[in-house]
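Colleague: In the working numbering, the protein residues as written are 279 to 526. Take a look at the following structure, please.
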């Protein structure tokens, strides 16, 4: 009886495939799924960390100025090697203060606000908890923490065949700067998140393509060829278009 039902099921599948070679599958990801996923990420992996945008840009400008000065001297008839600056450089006096790691680290929770993904009113909101350090002039290394309210926009990149997300910082709430440069820190956080997180490659099509074995009837390859999304309260529906191909 079991073999008979399997054979009937296989015949029905092949008949439906003959009529329509494409189909759509809906996958629903709710807020509880993302909560569990984030718990696992923060528990089993190091916190995501990236340099502050301003510190990185300042370092690039400093390096570029040095290269331009050397190039200008060389064009004036002088031949100067950058190695001379290193060789003739006077040893620096030992700094009593440890180096300041100007960076932002994503955290699971800050001030009762947890990093999460929320689906509301047709939009994706993501509170992002963070901590970090920055080094303002004449003050020294200052620690800060807080959370950023972000909005995530999804789109399907047809060229790359990937579902892509882009985070936009809407607001930053700080705690821990002791009032020092809070406006500057807010801009640094916004710039760093915009530059370091975007774009997010969320789901490539090859990750959801697979082969389905059919008993006594061979196998079919389900190739994902497109994706669209729908946001409802509390969940994200991903509608994946599949093309069915015979496996030789």
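Beta carbons are placed, not taken as given, at the ideal position from N, Cα and C, and that holds for glycine. Nothing here was measured: the structure is a model prediction, and the numbers come from that model.
(1) Classify residue 306 as helix, strand or coil using the three-state DSSP reduction.
(2) Check whether the segment 403-419 touches the segment 516-523, taking contact to mean three or more Cβ pairs, one atom from each stretch, closer than 8 Å.
(3) Pick out whichever of 382, 430, 498 has its Cα sitting closest to the Cα of residue 479.
(4) Assuming residue 406 contacts residue 384 (C-beta within less than 8 Å), just tell me the rounded distance between them.
(5) So if DSSP puts residue 485 in a beta bridge, which residue, or which two residues, is it bridged to?
(6) Can the beta-carbon of residue 453 be found less than 8 Å from the beta-carbon of residue 389?
(7) Using the rule of at least 16 other Cβ atoms within 10 Å of the residue's Cβ for burial, across every protein chain shown, is residue 440 buried or exposed?
(8) Please look up how many angstroms separate the CB atoms of residue 434 and residue 505, rounded, as I've assumed it's under 8 Å.
(9) Report buried or exposed for residue 302, applying the criterion of at least 16 other Cβ atoms within 10 angstroms of its Cβ.
(10) Quick one: what does DSSP say residue 493 is sitting in, helix, strand or coil?
(11) With 16 other CB atoms within 10 Å as the buried threshold, where does residue 437 fall?
(12) At the level of alpha carbons, what is the spacing between residue 462 and residue 448?
(13) Residue 392 and residue 511: beta carbons closer than 8 Å?
(14) Please state the DSSP three-state secondary structure of residue 389.
(15) What first and last residue would you give for the beta strand (DSSP E) that runs through residue 450?
(16) Going by alpha carbons, who is nearest to residue 466 out of 493, 381, 442, 315?
Modeller: Taking the geometry as given:
(1) Looking up residue 306 in the chain shown gives position 28. In the structure shown, residue 306 sits in a strand (DSSP, three-state: E or B).
(2) no
(3) Taking the chain shown and counting its residues from 1, the one referred to as residue 479 is at position 201. Looking at the Cα atoms, 430 is the closest of the given residues.
(4) As a working note, residue 406 is residue 128 in the chain shown. As a working note, residue 384 is residue 106 in the chain shown. The pair is a contact, with the Cβ atoms about 6 Å apart (cut-off 8 Å).
(5) Position 207 of the chain shown, counted from the first residue, corresponds to residue 485. Beta-bridge pairing links residue 485 to no other residue.
(6) Looking up residue 453 in the chain shown gives position 175. Looking up residue 389 in the chain shown gives position 111. In contact: residue 453 and residue 389 (Cβ atoms closer than 8 Å).
(7) Mapped onto the chain shown, residue 440 falls at position 162. With 16 or more other Cβ atoms within 10 Å, it is buried.
(8) As a working note, residue 434 is residue 156 in the chain shown. As a working note, residue 505 is residue 227 in the chain shown. The pair is a contact, with the Cβ atoms about 5 Å apart (cut-off 8 Å).
(9) What you label residue 302 is simply residue 24 of the chain shown in a count that begins at 1. It is exposed - the Cβ of residue 302 has fewer than 16 other Cβ atoms within 10 Å.
(10) Along the chain shown, read from residue 1 onward, the residue named residue 493 stands at position 215. DSSP places residue 493 in coil when its eight states are reduced to three.
(11) Here residue 437 refers to the residue found at position 159 when the chain shown is read from its first residue. With fewer than 16 other Cβ atoms within 10 Å, it is exposed.
(12) Sequence index remark: in the chain shown, residue 462 carries index 184 (1-based). Sequence index remark: in the chain shown, residue 448 carries index 170 (1-based). Whole-angstrom Cα-Cα distance: 16 Å.
(13) Within the chain shown, residue 392 is the residue found at index 114, counting from 1. Within the chain shown, residue 511 is the residue found at index 233, counting from 1. Contact: no.
(14) Locating residue 389 in the chain shown gives position 111, counting from the first residue. The answer is coil: DSSP assigns residue 389 none of H, G, I, E or B.
(15) The count along the chain shown starts at 1 and reaches residue 450 at position 172. Residue 450 -> beta strand (DSSP E) spans 440-453.
(16) Position 188 of the chain shown holds residue 466. Here the closest residue by C-alpha is 381.
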